[in-house]
Amino acid sequence: MTWKMFGTAEPDVLTEQFRQCDTKNLLLRSLSAQDFALLAPHLTRVPFSIGDPLSHAGDAIDSLCFPEEGIAGVLDALDGDHRYAVGLIGAEGFVGWPLLLGNSRSPYDVVMRAERGEALRIAAEHFVAAVEQSVTLRLSLLRFVNVFMIQMGRTIVSSLAHSIERRMARWILLYHDRVRDDDICMTHEEFSLMLGVRRSSVTDALHRLEEERAIRAGRGRITVRDRAKLMRLAADTYGHAEAEYRRLLGDDRGLSLRPASHGQDVAVATSLG
Numbered sequence: 001m002t003w004k005m006f007g008t009a010e011p012d013v014l015t016e017q018f019r020q021c022d023t024k025n026l027l028l029r030s031l032s033a034q035d036f037a038l039l040a041p042h043l044t045r046v047p048f049s050i051g052d053p054l055s056h057a058g059d060a061i062d063s064l065c066f067p068e069e070g071i072a073g074v075l076d077a078l079d080g081d082h083r084y085a086v087g088l089i090g091a092e093g094f095v096g097w098p099l100l101l102g103n104s105r106s107p108y109d110v111v112m113r114a115e116r117g118e119a120l121r122i123a124a125e126h127f128v129a130a131v132e133q134s135v136t137l138r139l140s141l142l143r144f145v146n147v148f149m150i151q152m153g154r155t156i157v158s159s160l161a162h163s164i165e166r167r168m169a170r171w172i173l174l175y176h177d178r179v180r181d182d183d184i185c186m187t188h189e190e191f192s193l194m195l196g197v198r199r200s201s202v203t204d205a206l207h208r209l210e211e212e213r214a215i216r217a218g219r220g221r222i223t224v225r226d227r228a229k230l231m232r233l234a235a236d237t238y239g240h241a242e243a244e245y246r247r248l249l250g251d252d253r254g255l256s257l258r259p260a261s262h263g264q265d266v267a268v269a270t271s272l273g
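Going by UniProt numbering, the sequence shown opens with residue 1, and the numbers climb by one from there.
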């Protein structure tokens, strides 16, 4: 895999003057200064656009990515053709985490969704060298992997047990956690990846969420009108992984993926998906 797929702009190699507080990636900001210093000299800022691939299933993981903006959709494929979303990663985490578990090849396709932005990239060899030097760095990164496993597990349970409307409300919340405002680029194709249903079923579910005045659906976009209603509709499909993130990485550091001004409920605006 080559990261030139992220765009034509030259990568911005971070210098010694780059401050940890300047990154928008919350996982990097949560690290101790000593652990961040192991990664910082090797980080490169890279632009990306919607649809840019970060990895392909089966490819060697030769670099890892800490998103600062936008959403990385983690996709699994059936029969090598039909792809389904199994999780999302934004500024709360990093892409390439299987390398931390000893897997040098990506088990999933990972594609950027929803909005343009930037990510911090590190070559695999520098990443491995850093985590081998610091147990605390490895543990901090593993905490995120644990949260992501919980998110994927909840995706499986929700797909088996819940209605399309409830699952849709959950996915919209997961996206809303990771974008900059209440307008989200979400197409019928996007919902099909997440829900595994036909376009007609997506349309019906969107109409029901609109009737609840939780969202407004436009061409290729969703506007979140009432986040609290979405949370009530999603019920226990949403919130477990978010609470674990706050417990493991967020509460005592004041980290918040969404500004408190967004959404209807300030308490939930700090949650991660």
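Just so you know, even glycine gets a beta-carbon here, dropped at the ideal spot from N, CA and C.
Can we say the region 110-124 touches the region 60-67, given the rule of at least three CB pairs closer than 8 angstroms? yes
Would you list the residues sitting across from Tyr175 in a DSSP beta bridge? None, per the DSSP bridge assignment.
Going straight from the alpha carbon of Ser192 to that of Arg166, what length do you get? Arg166 has its alpha-carbon roughly 15 angstroms from the corresponding atom of Ser192.
Kindly provide the ranges of any alpha helix (DSSP H) runs that are 4 or more residues long and lie completely inside the UniProt domain "Cyclic nucleotide-binding" (27-114), ordered along the chain. 33-39
Flag this pair as yes or no: are the beta carbons of Arg143 and Leu43 separated by less than 8 angstroms? no
Just reading off the beta strand (DSSP E) that Leu209 is part of, what are its end residues? Run containing Leu209: none in the beta strand (DSSP E); it sits in the alpha helix (DSSP H), Arg199 to Glu211.
Distance, Ser63 Cα to Lys24 Cα: Approximately 19 angstroms, taken between the alpha carbons.
Between the region 143-155 and the region 237-252, can you find at least three pairs of beta-carbon atoms closer than 8 angstroms? yes
Quick one: using the 10 Å Cβ neighbour count with 16 as the cut-off for buried, is Gln151 buried or exposed? Counting C-beta atoms within 10 angstroms of its own C-beta, Gln151 has 16 or more neighbours from the protein chains shown and is therefore classed as buried.
Tell me where the alpha helix (DSSP H) around Thr155 begins and ends. Val135 to Ala161
Please go through the same chain and pick out, in chain order, the residues whose beta-carbon is closer than 6 angstroms to the beta-carbon of Asp252, but skip the five residues on each side of it. Caution is warranted here: a pLDDT of 45 is assigned to Asp252, below 50, making its placement in the model unreliable, and no coordinate value can be reported.
For the alpha helix (DSSP H) containing Arg232, list its first residue and its last residue. Arg227 to Ala234
Note down the Cα distance separating Ala169 from Met231, rounded to an integer number of angstroms. 7 angstroms
Going by DSSP, what residue range makes up the beta strand (DSSP E) through Leu193? Here Leu193 belongs to no beta strand (DSSP E); instead the alpha helix (DSSP H) covers His188 to Leu195.
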